[in-house]
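Student:
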Amino acid sequence: MKTAIIIGATGLIGNQLLELLCVNSEFNKIHIITRTAPNKFSESIDHISLDNGNYTIPKKVDMAFCCLGTTMKKAGSKEAFRAVDLHMVINFAKKAKDAGVKRFAVVSSIGANPKSSNFYLKTKGQMEEELKRLGFDRLAILRPSLLLGIRKEKRISEDIGKVLYSIFRFIFVGPLKKYRGIHARDVAKAMIALTGKGEGSFVVESSSLILFSKHYDESMISNVSN
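The numbering used here applies: residue 6 is where the sequence shown begins, and numbers increase by one.
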């Protein structure tokens, strides 16, 4: 049996990831790091309080999943944005590494590049580069495009993007295929599939994530049939 830990479990992808792990027969314990405890507990969930970054990751965790992410509007400033999307992510990764976690997955963004002139994409790229230097046995970096699904919080720009995507979806072919929207649940499935197998660092662009989500579905069907 496996043990996992998630930070960002209340977000769009993190919530889907938590649901999937709770019904996955390969996992018997899921630690979640959040500011407040969830209303409904599964027997397999262990809550760890996020107290200004002052938390401890238990020993003998097999996989760590980072689904942290905010927006410039919600953060309020570039410094506050970097505090979450860079520093909080790296802090979690370092704690995981020190606790003996060997397999780590993180949600980044399509277009992430440490040399980008775009502040958001530059920050995401810097985060990726710092994670690579930590030396996990397996590091899966996921770069989804527009996320589809229902958030608990409203993001006006994202909602507008979803509407426009639904209207002009037909143009996302050929070179534009990588910009197709992807459901958060498919990203979560791909996250589990990518982290569970393989060695080394692995960057997966949005257009390939759906393939790994299908691999996850196939493996679950296989587990049930066995």
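Beta carbons are placed, not taken as given, at the ideal position from N, Cα and C, and that holds for glycine. Note that the coordinates shown come from a computational prediction; the quantities given were computed from them, not determined experimentally.
Would you check if the distance between the CB atom of LEU151 and the CB atom of GLY186 is smaller than 8 Å?
Tutor: Translated into the one-based positions of the sequence shown, residue 151 becomes position 146. Translated into the one-based positions of the sequence shown, residue 186 becomes position 181. Yes, these two residues count as a Cβ contact at 8 Å.
Student: Classify ILE176 as buried or exposed, calling it buried when 16 or more other Cβ atoms lie within 10 Å of its own Cβ.
Tutor: Here residue 176 is taken as the residue at index 171 of the sequence shown, counted from 1. With a pLDDT of 46 at ILE176, under the threshold of 50, the predicted position of this residue should be treated as unreliable, though the coordinate-derived value follows. Exposed.
Student: Where does ILE18 sit, in a helix, a strand or coil, going by DSSP?
Tutor: For the purposes of this step, residue 18 is taken as the residue at position 13 of the sequence shown. Helix.
Student: Would the beta-carbon of THR128 fall within 8 Å of that of LEU73?
Tutor: Taking the sequence shown and counting its residues from 1, one reaches residue 128 at position 123. Taking the sequence shown and counting its residues from 1, one reaches residue 73 at position 68. No, they are not a contact pair.
Student: How about the stretch 35-48 and the stretch 71-90: do they share at least three Cβ pairs that are nearer than 8 Å?
Tutor: Contact fails: fewer than three Cβ-Cβ distances are below 8 Å.
Student: Quick check on this structure: which residue in ASP191, ALA110, ASN96 has the alpha carbon closest to the alpha carbon of LEU153?
Tutor: The count along the sequence shown starts at 1 and reaches residue 153 at position 148. If we check each option's Cα against that of LEU153, ASP191 comes out closest.
Student: Report buried or exposed for ARG108, applying the criterion of at least 16 other Cβ atoms within 10 angstroms of its Cβ.
Tutor: The residue labelled residue 108 in the question sits at position 103 within the sequence shown. Burial call: buried.
Student: How many angstroms separate the CA atom of PHE32 from the CA atom of ILE215?
Tutor: By 1-based counting over the sequence shown, the position of residue 32 is 27. By 1-based counting over the sequence shown, the position of residue 215 is 210. If I take the Cα positions, the gap works out to 22 Å.
Student: Within its chain, find whatever has a CB closer than 6 Å to the CB of ALA80; leave out the 5 residues flanking it on each side and keep chain order.
Tutor: The residue labelled residue 80 in the question sits at position 75 within the sequence shown. PHE86, listed in sequence order.
Student: Could you tell me the alpha carbon to alpha carbon distance between TYR221 and ILE197, rounded to whole angstroms?
Tutor: For the purposes of this step, residue 221 is taken as residue 216 along the sequence shown, with counting starting at 1. For the purposes of this step, residue 197 is taken as residue 192 along the sequence shown, with counting starting at 1. Each residue's Cα considered, the two are about 7 Å apart.
Student: Quick check for students: name the residue ranges of the beta strand (DSSP E) that lie wholly in the stretch 78-124, counting only runs of 3 or more.
Tutor: Counting only runs of 3 or more, we get 108-112.
Student: Go ahead and label ALA69 buried or exposed: buried means 16 or more other beta carbons lie within 10 angstroms of its beta carbon, across all protein chains shown.
Tutor: Your numbering for residue 69 matches position 64 in the sequence shown. Answer is buried; the Cβ neighbour count reaches 16.
Student: Measure from the alpha carbon of ASP142 to the alpha carbon of each residue in PHE124, GLY201, GLU133, then state which is nearest.
Tutor: Position 137 of the sequence shown, counting from 1, holds the residue named residue 142. If we check each option's Cα against that of ASP142, GLY201 comes out closest.
Student: Could you check what DSSP says for VAL66 in three-state terms: helix, strand or coil?
Tutor: Here residue 66 is taken as the residue at index 61 of the sequence shown, counted from 1. Correct three-state label for VAL66: coil.
Student: Given ALA189, which residues of its chain have a CB within under 6 Å of its CB, disregarding the five upstream and five downstream residues?
Tutor: Position 184 of the sequence shown, counted from the start, is the residue given in the question as residue 189. Taken in chain order, the residues that qualify are LEU17, ILE18, GLN21, LEU152, GLY154.
Student: Reducing DSSP to helix, strand and coil, say where THR8 ends up.
Tutor: Here residue 8 refers to the residue found at position 3 of the sequence shown. Residue state, collapsed to three classes: strand.
Student: Name the DSSP beta bridge partners of ARG148, please?
Tutor: In the sequence shown, the residue the question calls residue 148 occupies position 143. Bridge partners of ARG148: GLU210.
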